[in-house]
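Participant: Can you keep this structure in mind? I'll have questions shortly.
In full-length UniProt numbering, the protein residues as written are 1 to 432.
Here it is, written out as structure tokens:
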């Protein structure tokens with residue numbers, strides 16, 4: 001067994017361990033023969049010298065300005081979890097160049113169900129993701145009076161119920177998976193003083209809904225959190241809701257127009273549609289202008305960091321896979337925001353992230369160690385470039401947290417320079 005294969009097998013599990021167990025195991029790994037030649041962090045500069053270049057890398061690009069490497073409050077604060085692009089598609093990419101014909105709707109449903117059937121933890125992300133999210137995403141959220149994405153969702157569902165004035169609000173989550181996020185959000189609603197409500201959790205996967213029902217029972221929420229099997233591509237709502245939520249599910253939807261029309265019909269007049277999702281190119285590919293920048297940084301990584309831990313193969317060149325080939329992963333991601341803007345007003349819009357994604361996601365993110373200076377500074381530089389390019393209008397965000405309303409003329413709070421309308425990438429321009 002070669003070193004990369006062993007690393008692919010054990011690294012994600014080790015990264016999830018408590019620090020008291022994780023660090024001794026990492027120390028043992030660094031003492032193994034061949035470590036200096038094979039791993040990037042091995043030859044990292046001493047902590048006292050943050051400016052020394054790391055071996056095996058090209059010189060840092062002059063326009064990638066380093067951001068502060070500190071992570072304020074990381075140890076005490078909960079992780080700021082935004083699932084990113086490749087988490088559930090590890091076995092779809094290989095067929096991108098060989099598929100004889102587009103899969104049918106039924107084929108996609110079967111693939112999607114199979115992918116998620118055994119995934120108990122669908123949101124697990126590398127530690128370097130949590131470094132980035134606490135250092136950079138958390139301050140963005142705090143500007144909107146929230147601490148993390150689930151706090152954003154809970155906060156705005158709570159406000160939505162206040163807008164409608166319902167004594168016993170009715171909520172629904174579209175594409176809930178295991179219902180784990182919905183249960184935490186329901187608990188947050190209870191802490192906010194909302195005790196009489198129902199939270200329907202709709203998903204097509206019966207195995208995940210069974211787990212959701214068990215989790216709701218364990219949390220004492222079986223009367224409030226209600227798993228419901230259904231296909232959101234063909235959803236016909238029964239009655240109206242005081243708040244509707246979509247948490248990392250819209251990029252799996254093929255029939256977006258029908259779903260958004262159903263959401264409009266299902267919302268109480270003053271209710272809100274609260275969304276956390278991916279809005280980049282279909283299949284979670286990069287648009288050409290973003291892919292070029294990703295490749296600039298990719299070339300600075302040592303070979304060992306270019307080993308795809310999900311697909312278990314070396315990717316010396318950045319391979320921009322179309323994750324929608326068989327299932328629904330990112331199948332119409334680029335249409336999510338423009339179609340929402342056609343149908344809703346936007347009350348809150350937080351757009352973020354683009355070129356940072358491949359470096360902090362599940363495929364490659366586990367190579368990075370937030371305890372090492374080079375690794376932190378690399379992520380800092382990528383984030384700084386990401387922000388600069390978005391603010392200049394040369395690339396657009398691939399993630400959003402947003403609140404939509406039926407009132408088209410509602411005032412919108414958004415990050416400076418990143419309004420929802422300017423965060424839409426024109427798909428007709430240079431898509432090759």
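Heads up, the beta-carbon is just placed ideally off N, CA and C, and yes, glycines get one too.
If we ignore side chains and look at the alpha-carbon of each, how far apart do residue 269 and residue 163 end up?
Facilitator: Along the chain shown, one-based indexing puts residue 269 at 269. Along the chain shown, one-based indexing puts residue 163 at 163. Each residue's alpha carbon lies about 9 Å from the other.
Participant: So what does residue 173 bridge to, in DSSP terms?
Facilitator: Translated into the one-based positions of the chain shown, residue 173 becomes position 173. According to DSSP, residue 173 bridges with 201, 245.
Participant: Between which two residues does the alpha helix (DSSP H) carrying residue 339 extend?
Facilitator: The sequence position of residue 339 within the chain shown is 339, counting from 1. Here the alpha helix (DSSP H) through residue 339 covers 333 to 343.
Participant: Flag this pair as yes or no: are the beta carbons of residue 258 and residue 282 separated by less than 9 Å?
Facilitator: As a working mapping, residue 258 is identified with position 258 in the chain shown. As a working mapping, residue 282 is identified with position 282 in the chain shown. No, these two residues do not count as a Cβ contact at 9 Å.
Participant: Does the beta-carbon distance from residue 404 to residue 340 come in below 9 Å?
Facilitator: What you label residue 404 is simply residue 404 of the chain shown in a count that begins at 1. What you label residue 340 is simply residue 340 of the chain shown in a count that begins at 1. Going by C-beta atoms, residue 404 is nearer than 9 Å to residue 340.
Participant: Alpha carbon to alpha carbon, how far is residue 350 from residue 418? Give it in angstroms, no decimals.
Facilitator: The residue you call residue 418 lines up with position 418 of the chain shown. The residue you call residue 350 lines up with position 350 of the chain shown. Spanning the two alpha carbons is a distance of roughly 8 Å.
Participant: Where does residue 374 sit, in a helix, a strand or coil, going by DSSP?
Facilitator: As a first step, residue 374 is located in the chain shown; it is residue number 374 there, counting from the start. The answer is helix: DSSP assigns residue 374 an H, G or I state.
Participant: Does the contact criterion of 3 or more C-beta pairs under 8 Å hold for the stretch 166 to 177 versus the stretch 143 to 151?
Facilitator: no
Participant: Buried or exposed for residue 362, going by 16 or more other Cβ atoms inside 10 Å?
Facilitator: Counting from 1 along the chain shown, the entry for residue 362 is found at position 362. Label assigned to residue 362: buried.
Participant: Enumerate, from N- to C-terminal direction, the unbroken alpha helix (DSSP H) stretches of 4 or more residues contained entirely within the stretch 219 to 287.
Facilitator: 256 to 266
Participant: Can you tell which of 386, 353, 346, 364 has the C-alpha that lies nearest to the C-alpha of residue 313?
Facilitator: Position 313 of the chain shown, counted from the start, is the residue given in the question as residue 313. Answer by Cα proximity: 364.
Participant: Are the beta-carbon atoms belonging to residue 237 and residue 209 less than 9 Å from one another?
Facilitator: Sequence index remark: in the chain shown, residue 237 carries index 237 (1-based). Sequence index remark: in the chain shown, residue 209 carries index 209 (1-based). Not in contact: residue 237 and residue 209 (Cβ atoms no closer than 9 Å).
Participant: Using the Cβ count rule (16 or more neighbours within 10 Å means buried), how would you classify residue 160?
Facilitator: Position 160 of the chain shown, counted from the start, is the residue given in the question as residue 160. Residue 160 should be labelled buried.
Participant: Would you decide whether residue 217 is buried or exposed? Buried here means 16 or more other CB atoms lie within 10 Å of its CB.
Facilitator: The residue labelled residue 217 in the question sits at position 217 within the chain shown. With fewer than 16 other Cβ atoms within 10 Å, it is exposed.
Participant: Nearest to residue 334 by CA position, among 407, 389, 285, 379, is which residue?
Facilitator: As a working note, residue 334 is residue 334 in the chain shown. Residue 334 has its Cα closest to that of 285, out of 407, 389, 285, 379.
Participant: Measuring straight from C-alpha to C-alpha, what distance separates residue 347 and residue 414?
Facilitator: Position 347 of the chain shown, counting from 1, holds the residue named residue 347. Position 414 of the chain shown, counting from 1, holds the residue named residue 414. Distance between the alpha carbons of residue 347 and residue 414: 9 Å.
Participant: Would you tell me roughly how many angstroms separate the C-alpha atoms of residue 181 and residue 124, rounded to the nearest one?
Facilitator: The residue you call residue 181 lines up with position 181 of the chain shown. The residue you call residue 124 lines up with position 124 of the chain shown. Going by the C-alpha atoms only, they are around 12 Å apart.
Participant: Could you check if residue 447 is buried or exposed, using at least 16 other CB atoms within 10 Å of its CB as the buried criterion?
Facilitator: Beyond the ends of the chain as shown, which are 1 and 432, falls residue 447; an answer cannot be given.
Participant: According to DSSP, is residue 289 helix, strand or coil?
Facilitator: In the chain shown, the residue the question calls residue 289 occupies position 289. Note: residue 289 maps to helix in three-state DSSP.
Participant: Measuring CA to CA, which of 151, 222, 252, 155 is closest to residue 327?
Facilitator: Locating residue 327 in the chain shown gives position 327, counting from the first residue. Nearest option by C-alpha distance: 252.
Participant: Would you mind listing the alpha helix (DSSP H) stretches within the stretch 133 to 191 that are 4+ residues and don't spill past its ends, in chain order?
Facilitator: Listed in chain order, they are 138 to 142, 149 to 164, 180 to 191.
Participant: Taking the continuous beta strand (DSSP E) assigned at residue 404, which residues delimit it?
Facilitator: By 1-based counting over the chain shown, the position of residue 404 is 404. Its beta strand (DSSP E) spans residues 399 to 405.
Participant: Are residue 395 and residue 355 close, meaning C-beta to C-beta below 9 Å?
Facilitator: Counted from its first residue, the chain shown places residue 395 at position 395. Counted from its first residue, the chain shown places residue 355 at position 355. Yes; because the gap between Cβ atoms is below 9 Å, this pair is in contact.
Participant: Taking only the alpha-carbon atoms, compute the straight-line gap between residue 136 and residue 155 and give it to the nearest angstrom.
Facilitator: For this step, residue 136 is matched to residue 136 along the chain shown. For this step, residue 155 is matched to residue 155 along the chain shown. Taking the straight line from one Cα to the other gives about 20 Å.
Participant: Span of the alpha helix (DSSP H) holding residue 358?
Facilitator: Residue 358 sits at position 358 when you count from the first residue of the chain shown. If you look at residue 358, you'll find it in the alpha helix (DSSP H) that goes 357 to 360.
Participant: What does a CB cutoff of less than 6 Å around residue 288 pick up in its chain, not counting 5 residues either side in sequence?
Facilitator: Numbered from 1 along the chain shown, position 288 holds the residue referred to as residue 288. Closer than 6 Å at Cβ, skipping near neighbours: 430.
Participant: What residues are listed by DSSP as bridge partners for residue 308?
Facilitator: Here the question's residue 308 lines up with position 308 in the chain shown. Looking at the DSSP output, residue 308 sits in a beta bridge with 313.
Participant: Can you tell me whether DSSP reads residue 435 as helix, strand or coil?
Facilitator: For residue 435 there is no data in the structure shown, the boundaries of the chain being 1 and 432.
Participant: I need the straight-line Cα distance from residue 166 to residue 199, nearest angstrom please.
Facilitator: Residue mapping note: residue 166 aligns to position 166 of the chain shown, counting from 1. Residue mapping note: residue 199 aligns to position 199 of the chain shown, counting from 1. Whole-angstrom Cα-Cα distance: 14 Å.
Participant: Starting from residue 351, follow its DSSP beta bridges and name the residues at the other end.
Facilitator: Taking the chain shown and counting its residues from 1, the one referred to as residue 351 is at position 351. According to DSSP, which records beta bridges pairwise, residue 351 is partnered with 400.
Participant: Tell me which residues share the same chain as residue 194 and place their Cβ nearer than 8 Å to its Cβ, disregarding the 5 neighbours each side in the sequence.
Facilitator: The sequence position of residue 194 within the chain shown is 194, counting from 1. Apart from sequence neighbours up to five positions away, the residues of its chain that approach residue 194 with a beta-carbon distance below 8 Å are 158, 161, 169, ordered along the chain.
Participant: In angstroms, rounded to a whole number, what distance separates the CA positions of residue 294 and residue 387?
Facilitator: Counted from its first residue, the chain shown places residue 294 at position 294. Counted from its first residue, the chain shown places residue 387 at position 387. Each residue's alpha carbon lies about 13 Å from the other.
Participant: Name the DSSP bridge partner or partners of residue 346?
Facilitator: To locate residue 346, count along the chain shown from 1; it is residue 346. Note: residue 346 sits in a beta bridge opposite 404.
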